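**Q**
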Amino acid sequence: KAGVTQTPRYLIKTRGQQVTLSCSPISGHRSVSWYQQTPGQGLQFLFEYFSETQRNKGNFPGRFSGRQFSNSRSEMNVSTLELGDSALYLCASSLAPGTGPSPLHFGNGTRLTVT
Amino acid sequence: ELKVEQNPLFLSMQEGKNYTIYCNYSTTSDRLYWYRQDPGKSLESLFVLLSNGAVKQEGRLMASLDTKARLSTLHITAAVHDLSATYFCAVDMGADKLIFGTGTRLQVFP
Chain B
28 KAGVTQTPRY LIKTRGQQVT LSCSPISGHR SVSWYQQTPG QGLQFLFEYF SETQRNKGNF
88 PGRFSGRQFS NSRSEMNVST LELGDSALYL CASSLAPGTG PSPLHFGNGT RLTVT
Chain Z
21 ELKVEQNPLF LSMQEGKNYT IYCNYSTTSD RLYWYRQDPG KSLESLFVLL SNGAVKQEGR
81 LMASLDTKAR LSTLHITAAV HDLSATYFCA VDMGADKLIF GTGTRLQVFP
């Protein structure tokens with residue numbers, strides 16, 4: 028069974044640009060969440076989607092947005108990039124609610140560097 | 021504001037020794053996870069702890085949860101080099117929102 032797939036693995040962007048990251052969950056998983064990992068702030072929750080609806084959102088500015096498609100694949104977008112957005116962005120998937128407790132399964136991440 | 025604190029932040033231990041990593045959190049939650057992260061890699065799920073008094077063991081690692089004390093521990097028995105990694109606890113706030121601890125970087129040396 029394939030794991031969570033994130034593309035691209037690496038990105039280099041300049042300040043002011045925007046970027047879109049993609050995530051394909053494990054087959055059968057319908058919930059997708061996104062996390063940002065930086066040396067200074069650690070792992071922080073960005074948002075979570077289920078059935079194409081954002082159910083929960085972390086404390087990030089509106090420049091960070093996301094969406095989920097009907098096949099459960101998800102994208103996140105960061106507009107007007109700032110140097111501080113340089114981070115490893117991790118996507119995680121889980122089974123739909125009500126199917127029992129299970130851990131989040133994380134992808135390998137997209138490492139974004141803003142110059 | 022929910023805080024999840026791990027200690028120690030860094031642990032250097034000799035092979036064969038035992039040690040415990042502590043995870044304290046500041047709000048009510050009945051679900052806690054432990055993850056492992058190798059350098060440059062993603063997060064690997066180790067344990068899911070679902071209720072007060074839960075204890076899980078896998079190999080040389082054992083995790084426990086005390087929801088009343090808001091404390092989870094990850095105990096390492098007879099450490100080996102392959103356990104060198106960063107370990108995170110994470111408190112489940114619902115809807116797949118996890119609040120992660122600061123992480124404990126473990127180095128096991130001969």
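These protein sequences, in sequence, are chains B and Z.
Residue 28 is where the first sequence starts when you use this note's numbering, and the numbers rise one by one after that.
Residue 21 is where the second sequence starts when you use this note's numbering, and the numbers rise one by one after that.
The beta carbon of each residue, even a glycine, is placed where N, CA and C say it ideally should be.
Just so it is clear, the structure is predicted and the values come from calculations on it, not from any experiment.
#1: Residues of chain Z with CB under 8 Å from residue 99/B, in chain order?
#2: Taking the alpha-carbon of residue 110/B as reference, which of 40/B, 35/B and 34/B has the nearest alpha-carbon?
#3: Determine the extent of the beta strand (DSSP E) in which residue 120/Z is found, giving its start and end residues.
#4: Do you know offhand how far residue 33/Z's Cα is from residue 56/Z's?
#5: Tell me the rounded alpha-carbon separation between residue 44/B and residue 30/B.
#6: In angstroms with no decimal places, state the Cα-to-Cα distance between residue 94/Z and residue 104/Z.
#7: What separation, rounded to the nearest whole angstrom, lies between the Cα atoms of residue 31/Z and residue 126/Z?
#8: To the nearest angstrom, how far is the alpha carbon of residue 140/B from that of residue 75/Z?
#9: I'd like the ranges of any beta strand (DSSP E) spanning at least 3 consecutive residues and lying wholly in the region 58-94 of chain B.
#10: Using a beta-carbon distance below 9 Å, is residue 98/Z in contact with chain B?
#11: Which residue wins for smallest C-alpha separation from residue 122/Z, given the options 90/Z, 35/Z and 41/Z?
#12: Quick one: what's residue 56/Z bridged to in DSSP?
#13: Have a look at the DSSP bridge pairing and note the partners of residue 40/B.
**A** Taking the definition as stated:
#1: Per Cβ cutoff of 8 Å: no residues; residue 99/B is ~13 Å from chain Z at best.
#2: Comparing Cα positions, the closest option is 40/B.
#3: 118-120
#4: 17 Å
#5: 30 Å
#6: 14 Å
#7: 5 Å
#8: 40 Å
#9: 58-65, 69-77 and 80-84
#10: no
#11: Nearest to residue 122/Z by alpha-carbon distance, out of 90/Z, 35/Z and 41/Z, is 41/Z.
#12: 64/Z and 107/Z
#13: For residue 40/B, which the question treats as bridged, DSSP gives the partners 141/B.
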